[in-house]
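Chains as they are written, first to last, in the numbering used here: chain A, 150 to 595; chain B, 120 to 564.
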Amino acid sequence: MYAIMLSLIVFAAPLEVARSADLIEIAALESRINEFTLKNGLHIIHYFDSSAPVVSVNVYYRVGSYDEQTGNTGISHMLEHMSFKHTDIYKPGDFDRILDSVGANNNGFTSTYYTGYYEELANEHWELALKLEAARMHKCIFPDSEFESEHQVVAEERRLWDNRPNSTLWEQFEAMAYLVHPHRNPTIGWPDDVKNYTVEKVRNWYKKYYNPSNAVIVIAGDVPFEEVKAKVEKYYGRIKGIPVKRTDFYDIEPALAGERRLIIRKRVNVPTLVIGFPTPGIRDSFHSVGDVVAAILGGGRNSRLYRTLVIDSGIATSVSAWNEVECDPGILEILVTPKNESLIPRVENIILAELKRMTTEPVNTQELQRVKNQTLAAALFDRDDISDIAWFLATSQITAGNWRYFLQKIEKIEETTADQVRFFCNQYLTGERRIVGILLPDKEAQ
Amino acid sequence: MKIYTRQLLVVLLGLIGNLFATMFFRDSLPNGLIILTYQDHRLPIVDISFVCRSGAVFDPEGKAGTASLCTDMLLRGTKKLSADSIAQILDFIGARYGTGTDFDRCFLNLRLLKKDLSLGLDILSEMVLEPAFPEDEFTRAQEQTLTSAQRAYDYPSALVAMEFDRLLFGKHRYSLPPRGDTATIRKITRDDLKNFHKTHFVPNNCFIVFVGAVDHEEIKNEVHRRFANWQPGPVSSPQSPETILPEKIRVKLITRKDMNQTYIQFGHPGISVFNNDLIATRLMSYILGGPPLSSRMGLAVREHGGLAYDVRCWFDRRLLPGAFRATVQTAKPKEAIEKMFTEIRRMHETGATKSELLKAQNYFTGSFPLSYSSNQGKLDRLSEIELYHYGIDWLERFPDLVRATTLQQVNETAKQHLHPDRYIMVIMGNVTKDELNLPDVEWVE
Chain A
150 MYAIMLSLIV
160 FAAPLEVARS
170 ADLIEIAALE
180 SRINEFTLKN
190 GLHIIHYFDS
200 SAPVVSVNVY
210 YRVGSYDEQT
220 GNTGISHMLE
230 HMSFKHTDIY
240 KPGDFDRILD
250 SVGANNNGFT
260 STYYTGYYEE
270 LANEHWELAL
280 KLEAARMHKC
290 IFPDSEFESE
300 HQVVAEERRL
310 WDNRPNSTLW
320 EQFEAMAYLV
330 HPHRNPTIGW
340 PDDVKNYTVE
350 KVRNWYKKYY
360 NPSNAVIVIA
370 GDVPFEEVKA
380 KVEKYYGRIK
390 GIPVKRTDFY
400 DIEPALAGER
410 RLIIRKRVNV
420 PTLVIGFPTP
430 GIRDSFHSVG
440 DVVAAILGGG
450 RNSRLYRTLV
460 IDSGIATSVS
470 AWNEVECDPG
480 ILEILVTPKN
490 ESLIPRVENI
500 ILAELKRMTT
510 EPVNTQELQR
520 VKNQTLAAAL
530 FDRDDISDIA
540 WFLATSQITA
550 GNWRYFLQKI
560 EKIEETTADQ
570 VRFFCNQYLT
580 GERRIVGILL
590 PDKEAQ
Chain B
120 MKIYTRQLLV
130 VLLGLIGNLF
140 ATMFFRDSLP
150 NGLIILTYQD
160 HRLPIVDISF
170 VCRSGAVFDP
180 EGKAGTASLC
190 TDMLLRGTKK
200 LSADSIAQIL
210 DFIGARYGTG
220 TDFDRCFLNL
230 RLLKKDLSLG
240 LDILSEMVLE
250 PAFPEDEFTR
260 AQEQTLTSAQ
270 RAYDYPSALV
280 AMEFDRLLFG
290 KHRYSLPPRG
300 DTATIRKITR
310 DDLKNFHKTH
320 FVPNNCFIVF
330 VGAVDHEEIK
340 NEVHRRFANW
350 QPGPVSSPQS
360 PETILPEKIR
370 VKLITRKDMN
380 QTYIQFGHPG
390 ISVFNNDLIA
400 TRLMSYILGG
410 PPLSSRMGLA
420 VREHGGLAYD
430 VRCWFDRRLL
440 PGAFRATVQT
450 AKPKEAIEKM
460 FTEIRRMHET
470 GATKSELLKA
480 QNYFTGSFPL
490 SYSSNQGKLD
500 RLSEIELYHY
510 GIDWLERFPD
520 LVRATTLQQV
530 NETAKQHLHP
540 DRYIMVIMGN
550 VTKDELNLPD
560 VEWVE
């Protein structure tokens, strides 16, 4: 075994053949994908996989917290709730009753850039999901009488958020990190905005954003392309498309003028530290280097910060890092659980020293290769589940305007060099560009 | 081939017609180690789960968390490989790996590319057979587990569940989470972990599941090569909890003035996964408090009442009898509790309707294949089948059992296994006894 291990770690050459095979396997995904656009602007992506007789139907709308203004934050989420209730022919509860009766899993969710709905079901019933989603797209009605109870449900969901201490840290950290960009608003909405929703606001939001021209449908699984084409045309072809111009906030956030810091005291037992650095969005071809950097810093036991903070100095119990970039410029975030409050300055210093080292010394070949291998393997693992693939296709189409984006990102990571990593750290991960959030135990509240 | 006790021939799974052209095998080594394989060559990946049938219920007295910490330590060094070496190799090949412990089992999962299978099995077998439990790694793991336990106290939902378990299960191991709590984790020593491993990690108490691009015959040989010399040992049975059904509702109120919502969990003793009523009870509790948008509780509390985002109830599925639980988080606890009590009482007294049962049956049978359409899903289902001795034809049999369940059976389970107004209840939030105004309850301090 040790001979194999050595060959893996010391000699990269034997890996080349296998890596090529993996890349070919990943690229083969493309041959299973077809796409088309209806005259009304509805874009459909089809992924064929007949390994199990199941289908995942996904309808995504280009609307989320990105599109919301102060006073109306969370309205996309409120609409998502209301869209399960009433259409011209379906009454409250019908969606679930009908889908449950064929054993379908279904749900909806709201995010920064999109609102998505999905059904996973046996292929013999897939048309039913398409039909229901067509009704949701253009036949929802929002009777006054059904609004208030759902409004209260959403208010309760908002309270759940309030009672999770780390949620408060994240929410306020993001609000501090972004001065003007809509990333500063939570998807669920600010409490006062949630309180002030009206059914009229919901109707207007629906009218503006839910139509074929503003949607992407992904059908993944065991259903042939010709059938998808015919059925989509049948249920969606006659719905009027009204193009929605999304406001572009890509470069709206002013440059960071100095360090920002937030300290929250709540009734918690364990402190939490998050340090963020603004990083470029997806229009910058360099942005995927941020993913590589995050993995080198905080991707598991072999990462630099886990070694220095958890193993060598022993002043923290966990470390993780990721580059939070979905479309517009985002933040590379480092999350640490320090052993106690008094160690936080030391933790910060060690992180800054490690980042400094990243700007001066090139990362070693093995570190870089590890991240690339993990990326390739993950790309194959993700193909195990058609719902995961559907998610990648739909979100790439909406955030990058091209479903191939998630494959291109894998290639970009494959091509990343040590020089690029060093340049990225020099450019973006310097101490003066940091945004710090700290959650501390409030001893008086214990 | 002679080296194996061949228990079963190949089973072709004809799921909903010709659902999968994949094959499921079950074999065992002479030492008792069971091997399950689900061949699926559509992707060059393999998922492995190594499972020990002894979970947290076997923790030594006063040392809750031993099984969990022992399993965690499998990744942290063997006689030949340090924790760093294990992580370096597995991370370098892009593998995903982790351990877990619940009351019924300890497991080690490994997902890797097919080309790395042999290397992965070398490491997995070392982790299982020759863990070193190094001192420095033990100290670190113990601290990390303590931090997780402390962090759980920061979350009202976890706190309420822990308090409910403590009140219902008393001195039984079920009264604390599988991970243990801060007091018990501190008492665990390295020797405890070594003893747990020596006692419970024996081949006749373990099984290993493979799903993905594997060939069963090859896998058998690979497993045999690494595990054949592993010596069997005695296997013990866990003690069942001695739960008492309260005569009236017993309520523990935890006042938290910083909360803007009240968290509630209530229930009573439940059933074991081996109970003959298991499927009928699952159907009944699904109708009562399954999906929050369409179950009886969901309709009353969420859809019509607007009182909560999530409301549900369920019976624990464990080897030993667990609990029946209902949960809700709400700003209007009195109203939500009343509605939940009403629904449970109604189910107990008048049962479900034909159409409700049909809907539940359709959901169970329709969604079941979705739960194992992916490799990860297959791994979970096969582990469950082996752990609870459902039998290798379970994937075919389960839908039939669901369809065969009658309304009378479902309604009898409601009569037998629901006990209205005899609950243990934990309430946590900024609310007083007067505001709750619960009639005829015993307040627990």
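In this text, a Cβ means the ideal position worked out from N, Cα and C, and glycines have one as well.
{"Query": "7 Å Cβ shell around F555/A - same chain, five flanking residues per side excluded", "Result": "F541 and S545"}
{"Query": "CB of G239/B within 7 Å of CB of L248/B, strictly", "Result": "no"}
{"Query": "8 Å contact criterion, which H316/B and H538/B should meet: CB distance rounded", "Result": "That belief does not hold up - the Cβ atoms of H316/B and H538/B are roughly 40 Å apart, past 8 Å."}
{"Query": "Nearest-angstrom beta carbon gap, S474/B and P297/B [assumed within contact, 8 Å]", "Result": "Not a contact, Cβ separation roughly 39 Å."}
{"Query": "Where the beta strand (DSSP E) through Q384/B begins and ends", "Result": "T381 to P388"}
{"Query": "Within-7 Å CB hit, E554/B to chain A", "Result": "no"}
{"Query": "Chain-order list of residues whose beta-carbon lies under 7 Å from that of F206/A (same chain, five-residue window excluded)", "Result": "The displayed chain sequence assigns Val, not Phe, to residue 206/A. Excluding residues within five positions, the ones whose Cβ falls inside 7 Å are Y267, E268, W275, A278, L279, E282 and I368."}
{"Query": "Local conformation of C189/B per DSSP, three classes", "Result": "helix"}
{"Query": "Cβ-Cβ distance between N418/A and A443/A below 7 Å", "Result": "no"}
{"Query": "Contact between the region 142–157 of chain B and the region 343–352 of chain B (3+ Cβ pairs under 8 Å)", "Result": "yes"}
{"Query": "Interface flag, A526/A vs chain B, CB-CB below 7 Å", "Result": "yes"}
{"Query": "Of the listed residues F426/A, G390/A and R416/A, nearest to G407/A (C-alpha basis)", "Result": "F426/A"}
{"Query": "Three-state secondary structure assigned by DSSP to L578/A", "Result": "coil"}
{"Query": "CA-to-CA distance, D400/A to P429/A, given in whole angstroms", "Result": "10 Å"}
{"Query": "Option nearest S486/B by Cα separation, candidates V521/B, P250/B, S168/B and P179/B", "Result": "V521/B"}
{"Query": "Cross-chain neighbours of D311/A in chain B, by beta carbon under 9 Å", "Result": "M378, N379 and Q380"}
{"Query": "Closer than 7 Å to chain B by CB, L164/A", "Result": "Confidence in L164/A is poor, its pLDDT being 49 and thus under 50, which makes the residue's placement too unreliable to answer from."}
{"Query": "Completely contained beta strand (DSSP E) runs for the region 486–533 of chain A, where each covers 3 or more residues", "Result": "none"}
{"Query": "Proximity test, P353/B beta-carbon vs the ligand SAM heavy atom, cut-off 6 Å", "Result": "The model on display carries no ligand, and the ligand SAM is accordingly not part of it."}
{"Query": "Listed by chain order, chain B residues near F233/A by CB distance under 8 Å", "Result": "L412"}
{"Query": "Given A332/B as reference, the closest of V204/A, D341/A, D591/A and D533/A once Cα atoms are compared", "Result": "D533/A"}
{"Query": "Cα-Cα separation, D567/B to K451/B", "Result": "Since the first residue shown for chain B is 120 and the last is 564, residue 567/B is missing from the structure and cannot be characterised."}
{"Query": "Cβ pair L231/B, L193/B closer than 7 Å", "Result": "no"}
{"Query": "Whether P411/B touches V430/B by CB criterion (7 Å)", "Result": "yes"}
{"Query": "7 Å Cβ cutoff met for Y358/A and V212/A", "Result": "yes"}
{"Query": "Burial state of W552/A, where buried means 16 or more other Cβ atoms lie within 10 Å", "Result": "buried"}
{"Query": "Other residues of its chain near F104/B: CB distance less than 7 Å, five sequence neighbours each side excluded", "Result": "Residue 104/B lies beyond the residue range present for chain B, which begins at 120 and ends at 564; the question has no answer from this structure."}
{"Query": "7 Å Cβ cutoff met for I543/B and L286/B", "Result": "yes"}
{"Query": "Residue interval of the alpha helix (DSSP H) (run including S316/A)", "Result": "P314 to A326"}
{"Query": "Residues within the region 474–486 of chain B neighbouring chain A, beta-carbon criterion of under 9 Å", "Result": "L477, K478, A479, N481, Y482, F483, T484, G485 and S486"}
{"Query": "Run of the beta strand (DSSP E) containing H192/A, from where it starts to where it stops", "Result": "H192 to F197"}
{"Query": "Touching by the beta-carbon criterion (3+ pairs, under 8 Å), the region 299–309 of chain B and the region 337–354 of chain A", "Result": "no"}
{"Query": "Alpha helix (DSSP H) segment containing M227/A, residue limits", "Result": "I224 to M231"}
{"Query": "Under the three-state DSSP convention, the category N254/A falls into", "Result": "strand"}
{"Query": "Buried or exposed by the 16-neighbour rule on C-beta atoms within 10 Å, applied to F393/B", "Result": "exposed"}
{"Query": "Expected contact under 8 Å - CB spacing of I290/A and D237/A to nearest Å", "Result": "7 Å"}
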